[in-house]
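Peer 1: Positions 8 to 274 (the UniProt record's numbering) are the ones given, in order, by the sequence shown.
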Amino acid sequence: HPPTTKPYAVRADAHPNPTAKRLLKLMDRKKSNLCVSIDVTKCEDALEIVRRVAPAVCMVKTHIDIMEDFTPAFTAELARLADEHDFLIFEDRKFADIGNTVALQYSSGVHRIAEWSHITNAHPLPGPGIVTGLGKVGKPLDRALLLLAEMSSAGNLAVGDYTRQAVQMARDAGRDWVVGFIAMGRVDSDGDDDFLVLTPGVGLVAKGDALGQQYRTPRQVVYDSGCDVIIVGRGIYGIEGDAAAVLAEAEKYRAEGWKAYEDRLIQ
Ligand code: BMP
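Laid out in structure tokens, this is it:
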């Protein structure tokens, strides 16, 4: 698969989307393909995790609708930390409605996601109108969109033809807006276009949780399956210990993910 044998920096130069370009460049600079998923419900707890893991990450992933004490000061501080520590913000919103509605959900409401989130994602389920609707808001801001082509949870329906049609939807939209996928592997390997593949369900210890989550190691994800970014939540912020322990755990994932990337370049 061509993208998997090319360095992130080389892929950055050829990328038409400014956010994807920035991501690939900073991955190269920070030697990190680690995205930490911050799934806690208090703003101060979330910011504390971000401050701890910031040196090790290329991206921080949020679920803004789980915050119990949300104010715009939270996303302002997140944006400030992103600039200070050189990472991107990915709001894992999983839009799934008609184009007109998702454009409003993306731009408006309490959270105003488009204002602070560099990258967001959508289910292809409603058809290409969802991509166009989100693009009306995100494209003028140089944002980037991912489509969920596959999922990590047991029994999910994003398989086979659904996955293939998700990839086709991204190709039809163009890489200047749809920069890649949430997927478990190289879903774009039947073409020579260079999409980003971001992969959740990554853990070094746990094999899953009680609600269907399934984990693979950074090496399985990056080396065996050719994915570009590993997304880790509880495996990092959920460990016992102080600030140094959380950073050490993030550093462990960063190192494993980076080694797997370097190894696949010289396959
Ligand atoms: P954890 O590493 O703690 O299992 O968290 C995984 C994160 O990735 C969660 O925020 C979840 O919403 C997200 N995610 C996932 O686990 N599987 C998918 O297929 C898509 C996701 O966005």
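Each residue gets a CB set at the ideal place from its N, CA and C atoms; glycine is no exception.
For the alpha helix (DSSP H) containing Gly187, list its first residue and its last residue.
Peer 2: That residue, Gly187, is in no alpha helix (DSSP H); its beta strand (DSSP E) goes Val185 to Ile189.
Peer 1: Consider the C-beta atom of Arg241 and the heavy atoms of ligand 1; say whether any pair is separated by less than 6 Å.
Peer 2: Within the cutoff, so yes.
Peer 1: Would Ile237 pass as a contact of Val209 if the rule is Cβ separation under 7 Å?
Peer 2: Their beta carbons are under 7 Å apart, which means Ile237 touches Val209 by this criterion.
Peer 1: When you compare the CB of Arg29 with every CB in chain C, is at least one pair closer than 7 Å?
Peer 2: This model lacks chain C altogether; it includes just one protein chain.
Peer 1: Which residues in the same chain as Ala27 place their Cβ atom closer than 7 Å to its Cβ, once the five residues preceding and following it in sequence are excluded?
Peer 2: Excluding positions up to five away in sequence, the list reads Ala151, Val186 and Leu203.
Peer 1: Can you tell which of Val64, Lys68 and His92 has the C-alpha that lies nearest to the C-alpha of Arg100?
Peer 2: That would be Lys68, whose Cα lies nearest to the Cα of Arg100.
Peer 1: When burial is assigned at 16 or more other CB atoms within 10 Å of the CB, is Gln112 buried or exposed?
Peer 2: Buried, because 16 or more other Cβ atoms sit within 10 Å of the Cβ of Gln112.
Peer 1: Give me the Cα-Cα distance between Ile120 and Leu164, rounded to the nearest whole angstrom.
Peer 2: Approximately 27 Å between the Cα atoms of the pair.
Peer 1: What do you get for Val117, buried or exposed, if any count of 16 or more other CB atoms within 10 angstroms of its CB means buried?
Peer 2: Looking at its Cβ environment, which holds fewer than 16 other Cβ atoms inside 10 Å, Val117 is exposed.
Peer 1: Ligand 1 and Ser159: does the residue's C-beta get closer than 6 Å to at least one heavy atom of that ligand?
Peer 2: It does: the Cβ of Ser159 is within 6 Å (strictly closer) of some heavy atom of ligand 1.
Peer 1: Would you say the beta carbon of Asp179 is closer than 6 Å to some non-hydrogen atom of ligand 1?
Peer 2: Asp179: no, Cβ never under 6 Å from ligand 1.
Peer 1: Where in the segment 206 to 254 do unbroken runs of the beta strand (DSSP E), each at least 3 residues long, occur, reported from the N-terminal end onward?
Peer 2: Complete beta strand (DSSP E) runs here, min 3: 236 to 239.
Peer 1: Quick check: Met74 and Cys50, are their CB atoms within less than 7 Å of each other?
Peer 2: Yes, they are a contact pair.
Peer 1: Below 8 Å, how does it come out for the segment 173 to 186 and the segment 220 to 237: are there three or more Cβ pairs, yes or no?
Peer 2: No, the segment 173 to 186 does not touch the segment 220 to 237.
Peer 1: Going by the CB atoms, is the gap between Ala257 and Ala86 shorter than 7 Å?
Peer 2: Taking 7 Å as the Cβ cut-off, Ala86 and Ala257 do not qualify as a contacting pair.
Peer 1: Glu247 to Val253, Cα distance in whole Å?
Peer 2: The alpha-carbon atoms of Glu247 and Val253 are separated by roughly 8 Å.
Peer 1: With DSSP collapsed to three states, give me the class of Cys65.
Peer 2: DSSP places Cys65 in coil when its eight states are reduced to three.
Peer 1: So, is Pro225 buried or exposed, given that buried needs 16 or more other C-beta atoms within 10 angstroms?
Peer 2: Counting Cβ neighbours within 10 Å, Pro225 comes out buried, since at least 16 surround it.
Peer 1: Can you tell me whether Val44 sits near ligand 1, meaning its C-beta is under 6 Å from at least one heavy atom of the ligand?
Peer 2: The sequence shown places Ser at residue 44, rather than the Val named in the question. Yes, the beta carbon of Ser44 sits closer than 6 Å to at least one heavy atom of ligand 1.
Peer 1: For the segment 29 to 73, which segments carrying the alpha helix (DSSP H) assignment without a break, of at least 4 residues, lie completely within its bounds, in sequence order?
Peer 2: DSSP runs (the alpha helix (DSSP H)) wholly in the segment 29 to 73: 50 to 60.
Peer 1: Check whether the Cβ of Pro207 lies closer than 6 Å to any heavy atom of ligand 1, and answer yes or no.
Peer 2: At least one heavy atom of ligand 1 is nearer than 6 Å to the Cβ of Pro207, so yes.
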